[in-house]
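Participant:
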């Protein structure tokens, strides 16, 4: 972990004090894990640190004076928050007690940008600002809402899973149990309509749907959710010209009509990745600075240009390993709340990663959202550090016995 | 719950694998195709981070240079002398690409020519900045200025060539354009200026008339016709021809030459009268006073020979040059269209020539019948001042014998001494020349031409001048009145500059 950090950073001449601070903080984080959760999963923190270090190197390379140092500072704050979370949340089950408080905070944070202190940046109103300080409350809301969902679903799962009637051969739960799904759908639509933030809207709805499925094992919720999702997408497409643009650009990014305007950013992202090829141009040798927002949503394309497919594949493997470890924790957790919480956290992490990676590689229409641990942005970093702290906390209490070989081998490709 | 988590997990892993597959596609399989999209500015940015070499005149005047900027493109191209060299340097524009020397010498200017000089090897090891090589033209700045001055406000073109080396010493057309605004990084500024140049029109100032517009050459073509006649062995300067007012169409009552076959149109002399009034004219006199009927008859007689010589001088294919040229035309006229053979021989009908081609014709006569290879670039110089590349004079063949060339020279001297070209006389210098007054479309004034070289006995400079539609002389214009004085000014300027 430290080697990766030092090596990547050296190449761009990361200021020595920052390396020292980061090293000290990560070592502190490591000892915090040893002290507060000695039985915890040993891979989560190093994987996050590697991703974070690569992201820092890329941001430093793009903006050594402004965003680089700021991101280091946010990382240090994030690690401090990570340690604090481990120290204060000694038993994750206590979180379930505050589920409604956290739920309200989550929804409140989510809707905060619609209030007068909200700020519109790059067309999306998902910021709140006080003076020059801007924050994306949606990132923190994500963690709060996952805790709420986990507690709520753990409590109600039997009830929600009861199939009281049969429709077209399916066991279908009572209609009133579709209520929560509809509420969540409305909330997602509200985010989409009022904050014009497709990425977050998609993310929240997907997390909830996946958790509902895990809790109840009812495919019918997934099916109904899928229908709701289609309706929501249709409404979005019909209502917002920028949604239509995104889809058109996705189909035809190199079309002369879009390439210099709406499609410019995505085209530049693809040019960056294509220019990188297998080995990349080498750190500092490419021109990722041409991509608008290279340091935030498009950090992955910037890495792809200078480190090539080897770099992007490496990053992808780290994300996959982290997700696999998270799922392993979720499966081994001994109580429903722990399972749902770990699953929700890691799914939110994974879905967010996939949404932006699929967007910048043109696998799916682009929806702006940050890449966890790598993109520039304080809110995103802090929430992800809290997220892995909670995962580590849950992993402390999983069944001590080694995992059955087949699952861990499949998911993590060997015992790490 | 484990089962559901595992299923969701498998879904997520599949999504990650899809991203990985897509990355392979973008970064490996389709990488080249994607990266080559013209909207990918990376290659351009790399190019603009190189200090592109300067373009210099023969005498060291800087006509294109790169200046450092603070923007995202490191160097900007400027052309300190504006439109004077626009048609020579061309432009180097982000929006409109590269033209002329900026295009043909692109590799050298970017330092990419494959020739590594000691200086460049040293730079590579010591990490010196990326710097291209300078290109030195064959153009002499003072002659170029003289050409611009001499043509004045007339629309037209001037080409001056050193006949012994083929080096082009002046190449000016009016109207011209200033390449600097086109090289602007402000796309809007470039676009506004570009549109003001009427880019779609064949008459746009963006097009160099001198190299790329073929005009009817009129009587200047008679130099070629006369040379082919002498070279054929059938004629000498003393050969005599009938001298009618016009060549009438052949008919039952008039079927003895001279008559025009297969037509009901007569070919009238420019003056609408017989050239000498004596009923006879010899070839020498016919060229001196530019007698149309004489050359029309030669055209009818030896069309194929004239065409062959025209091609030896460069007609019917774009001239090889350091910038793009348009082909001049000496038409291939079949037997059943014979009148057009007569017209081609006097530079009308389907005959068309660029000013560069006509200058090359004069230079060929001046160079004892050997066609010099035209050149616009003298040498390529690296940042340390070392010469990386130098082009030596070449010839592209012998178009006529030295004797023919000498006989034509004598005739052309007579043109200036006592014929249609007396306005080109320079005291103390024997000038050889030929006028041309080329009919264009009905209702438009004729183009005034003059081709010349001097001194006739030791040629230093060969010149072609065209003034479109007679310039200020309008319908009264002739090559002798309008174009000859301009050619004279240029030859005088060259004499002053080089001291011959």
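Chains as they are written, first to last, in this note's numbering: chain A, 13 to 428; chain B, 13 to 512.
Backbone N, C-alpha and C fix where the C-beta goes; we use that ideal spot for every residue, glycine too.
Model, not experiment: these values are computed from the prediction.
Residue 147(A) by DSSP, collapsed to three states: which one?
Facilitator: Strand, per DSSP.
Participant: Smallest Cα separation from residue 52(A): which of 65(A), 98(A), 30(A) and 77(A)?
Facilitator: When only C-alpha atoms are compared, the closest one is 98(A).
Participant: Is residue 187(B) close to the ligand MN? I mean its beta-carbon at under 8 angstroms from any heavy atom of the ligand.
Facilitator: Of ligands this structure carries none, so the ligand MN is not represented either.
Participant: For residue 502(B) versus residue 162(B), is the C-beta spacing smaller than 9 angstroms?
Facilitator: In this structure, residue 162(B) lies closer than 9 angstroms to residue 502(B) by Cβ.
Participant: Determine, for residue 21(B), whether the minimum Cβ-Cβ distance to residues of chain A falls below 9 angstroms.
Facilitator: Residue 21(B) counts as touching chain A.
Participant: DSSP on residue 186(B), reduced to helix/strand/coil?
Facilitator: DSSP places residue 186(B) in strand when its eight states are reduced to three.
Participant: Just by C-beta distance, which residues in the segment 211 to 239 of chain A are closer than 8 angstroms to chain B?
Facilitator: Residues 222, 225, 226, 227 and 229.
Participant: For residue 461(B), which of helix, strand or coil comes out of DSSP?
Facilitator: Strand, per DSSP.
Participant: DSSP puts residue 77(B) in a beta bridge; with which residues?
Facilitator: Paired residues: 90(B).
Participant: Quick check: what's the CA-CA separation for residue 78(B) versus residue 282(A)?
Facilitator: Their Cα atoms are separated by approximately 31 angstroms.
Participant: Mind reading off the beta-carbon distance from residue 198(A) to residue 216(A)? Whole number of angstroms is fine, and I expect it under 8 angstroms.
Facilitator: That belief does not hold up - the Cβ atoms of residue 198(A) and residue 216(A) are roughly 11 angstroms apart, past 8 angstroms.
Participant: Just grab the DSSP bridge partners of residue 382(B) for me.
Facilitator: Answer is 410(B), bridged to residue 382(B).
Participant: Do residue 159(B) and residue 183(B) count as a contact pair if the criterion is CB distance below 9 angstroms?
Facilitator: Contact flag set, yes.
Participant: Determine, using beta carbons only, whether residue 353(A) comes closer than 9 angstroms to chain D.
Facilitator: Reference to chain D is not applicable here, since the protein chains of this structure are A and B.
Participant: Of all the options 209(B), 496(B), 434(B) and 71(B), which has the alpha carbon lying nearest to the alpha carbon of residue 510(B)?
Facilitator: Among 209(B), 496(B), 434(B) and 71(B), the Cα nearest to that of residue 510(B) belongs to 71(B).
Participant: In whole angstroms, give me the CA-to-CA distance for residue 386(A) and residue 57(A).
Facilitator: Distance between the alpha carbons of residue 386(A) and residue 57(A) is about 14 angstroms.
Participant: By the 10 Å Cβ neighbour count, where 16 or more other Cβ atoms means buried, how is residue 430(B) classified, buried or exposed?
Facilitator: Classification of residue 430(B): exposed, given that the 10 Å Cβ count is below 16.
Participant: If you drop the 5 nearest sequence neighbours on each side, which residues of the same chain put their C-beta closer than 7 angstroms to that of residue 60(B)?
Facilitator: Within the same chain, residue 60(B) has close Cβ partners 85, 86 and 87.
Participant: In whole angstroms, what separates the C-alpha of residue 381(B) from that of residue 187(B)?
Facilitator: About 33 angstroms.
Participant: Helix, strand or coil for residue 265(B)? Go by DSSP, reduced to three states.
Facilitator: Residue 265(B): coil per DSSP, three-state reduction.
Participant: Check each candidate in 493(B), 190(B) and 352(B) and name the one with the smallest Cα separation from residue 94(B).
Facilitator: Per the Cα distances, 190(B).
Participant: Could you tell me which chain B residues have their CB closer than 7 angstroms to the CB of residue 299(A), listed as they occur along the chain?
Facilitator: 54 and 57, listed in chain order.
Participant: Tell me the residue span of the beta strand (DSSP E) that contains residue 442(B).
Facilitator: Counting along the chain, residue 442(B) falls outside any beta strand (DSSP E), and DSSP gives it neither H nor E.
Participant: Could you check which residue in 280(A), 376(A), 346(A) and 338(A) has the C-alpha nearest to that of residue 399(A)?
Facilitator: Closest option to residue 399(A), Cα to Cα, is 338(A).
Participant: Pick helix, strand or coil for residue 63(B), following the three-state DSSP scheme.
Facilitator: Three-state DSSP puts residue 63(B) in a strand.
Participant: Report yes or no: is there a C-beta of chain B within less than 9 angstroms of the C-beta of residue 285(A)?
Facilitator: Yes, residue 285(A) counts as interfacial toward chain B.
Participant: Would you call the CB atoms of residue 285(A) and residue 498(B) closer than 9 angstroms?
Facilitator: Cβ atoms of residue 285(A) and residue 498(B): not closer than 9 angstroms.
Participant: Between residue 495(B) and residue 276(A), what straight-line distance do the alpha-carbon atoms span, to the nearest angstrom?
Facilitator: About 54 angstroms.
Participant: Taking the alpha-carbon positions, what's the residue 486(B) to residue 368(B) distance?
Facilitator: Their backbone Cα atoms lie some 24 angstroms apart in a straight line.
Participant: I'd like to know whether the C-beta atoms of residue 113(B) and residue 400(B) end up nearer to each other than 9 angstroms.
Facilitator: Cβ atoms of residue 113(B) and residue 400(B): not closer than 9 angstroms.
Participant: Since residue 462(B) and residue 448(B) are thought to touch, with beta carbons under 8 angstroms apart, how far apart are those beta carbons, to the nearest angstrom?
Facilitator: Their Cβ separation, rounded to whole angstroms, is 7 angstroms, which keeps residue 462(B) and residue 448(B) in contact under 8 angstroms.
Participant: Ignoring anything shorter than 3 residues, give me the beta strand (DSSP E) runs that lie fully in the segment 152 to 214 of chain B, in order along the chain.
Facilitator: Entirely contained in the segment 152 to 214 of chain B, the beta strand (DSSP E) runs reaching 3 residues are, in chain order, 168 to 173 and 180 to 186.
Participant: Does the segment 115 to 122 of chain A touch the segment 148 to 162 of chain A, meaning 3 or more C-beta pairs lie closer than 8 angstroms?
Facilitator: With the cut-off at 8 angstroms, the segment 148 to 162 of chain A and the segment 115 to 122 of chain A touch.
Participant: For residue 493(B), count neighbouring C-beta atoms within 10 Å of its own C-beta (all shown protein chains included) and say buried if the count is 16 or more, exposed if not.
Facilitator: Burial call: buried.
Participant: Return no unless some Cβ of chain B is closer than 9 angstroms to the Cβ of residue 277(A).
Facilitator: By this cut-off, residue 277(A) is not an interface position.
Participant: Can you find a C-beta in chain A that's less than 9 angstroms from the C-beta of residue 40(B)?
Facilitator: Judged by the 9 angstroms Cβ criterion, residue 40(B) is in contact with chain A.
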